[in-house]
Amino acid sequence: MEQSKARVTAIGTYVPEHRLTNHELAKMVDTSDEWITQRTGIKERRIAAENEFTSDLAVAAIRNLIERYQKSMDDVDMIIVATTTSDYIFPSVASQVQKKIGMKQTGAIDVNAACGGFGYALHLANGLITSGLHQKILVIGSETMSRSMDYEDRSTCILFGDGAGAFLVERDEHNPSFLSYHLTTEGEGGIHLYRSGTATMMDGVELKPTGHLVQNGREVYRWAVTTVPQGMQKLLEKSSYTLAQVDWFVPHSANKRMIESICEKSGFPLEKTLISLEYCGNTSSASIPLSLDMAVQDGRVKKGDKILIYGFGGGLTQAGLLLEWGVES
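Residue numbers for the sequence shown follow the numbering used here, beginning at 162 and rising by one.
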């Protein structure tokens, strides 16, 4: 891997105020708190207000970052938003963020890699800065997954929630954050996790044209617990680090049982694994920054810690990165 010249210098997060608990869901669909907790580890999820959209969550996460780290946004020269739940088909969420924050001289793009999106967006930011094309990039994962749910389908609606997280990535030739990466895609598995659009077929299979998220949970689970541990190993093989030298593992917070299996197969301790799903649900591209920030705020994650983040989801895509945490406490 080419020597990175980019460092993560700040983090901010936001979740909506409204909590949708398992007990409340049990009044909407045939389920129970015990059933959901045993199978997913989720107790509640946050739900955006009626007038609160993906760009609003992203802006709130950025404002949290600014307040905590006293960072200026005036010289940000690129905004990258990972999302599958944009306010509009176009304009992009990133362009809405630019407008609402008031940044003038910046590019703005959205990245759609589903639950692997934040990792892909970070990878792009590292490449743009290391190449010298950009100096200061906002990377955001923001989702209003509740708006793509079928609340009559208990296999999916129990999982997802809304939230946002933001990293500021700046040029730093002496103390870079990015140590290694691993990206992969298995497009043939796309039929197992999708939200329909204009196409009515995928690989000869008729799609459900409802606009709701559709998931074959069994197939996605099998794919993730088999391939993520392999990807973690490949990522580390590119670096000079071993799994024992990793301080924290931050997987996409999809399902606690899935994460337990990934940890078991990879040999990484569950107690050093950071997740946000218990009280946020599966927030897709926002889950990794939400999980990490919980540990930043309570003092577990410290500057210099080696952090392995690993996103995986619809596509089927994966994006893992090994970072040296560069944010001052």
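Just so you know, even glycine gets a beta-carbon here, dropped at the ideal spot from N, CA and C.
T267 carries a coil assignment under DSSP once its states are collapsed to helix, strand and coil. With a beta-carbon spacing of about 5 Å, A243 and G302 fall inside the 8 Å limit used to define contacts. Within the same chain, I352 come within 6 Å of D364 by CB-CB distance, once the 5 residues on both sides are set aside. Scanning the region 184-252 from its first residue to its last, the whole alpha helix (DSSP H) runs of 4-plus residues come out as 194-201 and 215-230. The alpha-carbon of M419 is positioned some 15 Å away from that of I319.
Considered as a whole, the region 377-460 harbours 378-398, 417-427, 438-441 and 448-458 as its complete alpha helix (DSSP H) runs of no fewer than 4 residues, in chain order.
DSSP places G326 in the strand class (E or B) of the three-state scheme. Taking a contact as a CB-CB distance under 8 Å, the pair A480 and H284 counts as one, their CB atoms being some 6 Å apart. The alpha-carbon of L340 is positioned some 44 Å away from that of A187. Contact annotation: M239 and K297 have beta-carbon atoms nearer than 9 Å.
With a threshold of 16 other beta carbon atoms within 10 Å, P370 falls short and is exposed. Residue environment for S233: exposed (fewer than 16 other C-beta atoms within 10 angstroms of its C-beta).
Between L226 and I290 the beta-carbon gap is near 17 Å, outside 8 Å, which marks them as no contact.
When the Cα atoms are used, E485 and L438 turn out to be separated by approximately 24 Å. If you ignore the 5 residues before and after I270, its C-beta comes within less than 8 Å of the C-beta of M239, I240, I241, V242, S253 and A255, all in its own chain and listed in chain order. Just measuring C-alpha positions, the residue of V411, T388, C276 and T317 sitting nearest R461 is V411. Separation of D408 and M310 (C-alpha to C-alpha, rounded to the nearest whole angstrom) is 35 Å. Of T246, F279, A221 and V300, the smallest CA-CA separation from I262 is found for A221. In the DSSP annotation of this structure, the continuous segment of the alpha helix (DSSP H) that includes G280 starts and ends at G278 to T291. Under the three-pair Cβ rule at 8 Å, the region 458-476 counts as touching the region 272-280. Cα atoms of V366 and R379: separation of roughly 18 Å, rounded to the nearest angstrom. With a threshold of 16 other beta carbon atoms within 10 Å, K260 falls short and is exposed. By a beta-carbon distance limit of 8 Å, E304 contacts T245. Their separation comes to about 7 Å. The Cβ neighbour count for D459, taken over all protein chains shown within 10 Å, is under 16; the residue is labelled exposed. The C-alpha of A360 lies about 19 Å from the C-alpha of E347. A contact is defined here as three or more CB-CB pairs under 8 Å, and the region 438-447 fails this definition with respect to the region 380-400. Using a 10 angstroms sphere on the CB of K417, the tally of other CB atoms reaches 16 or more, which defines it as buried.
By the Cβ neighbour-count rule, T170 is buried, with 16 or more other Cβ atoms within 10 Å of its own.
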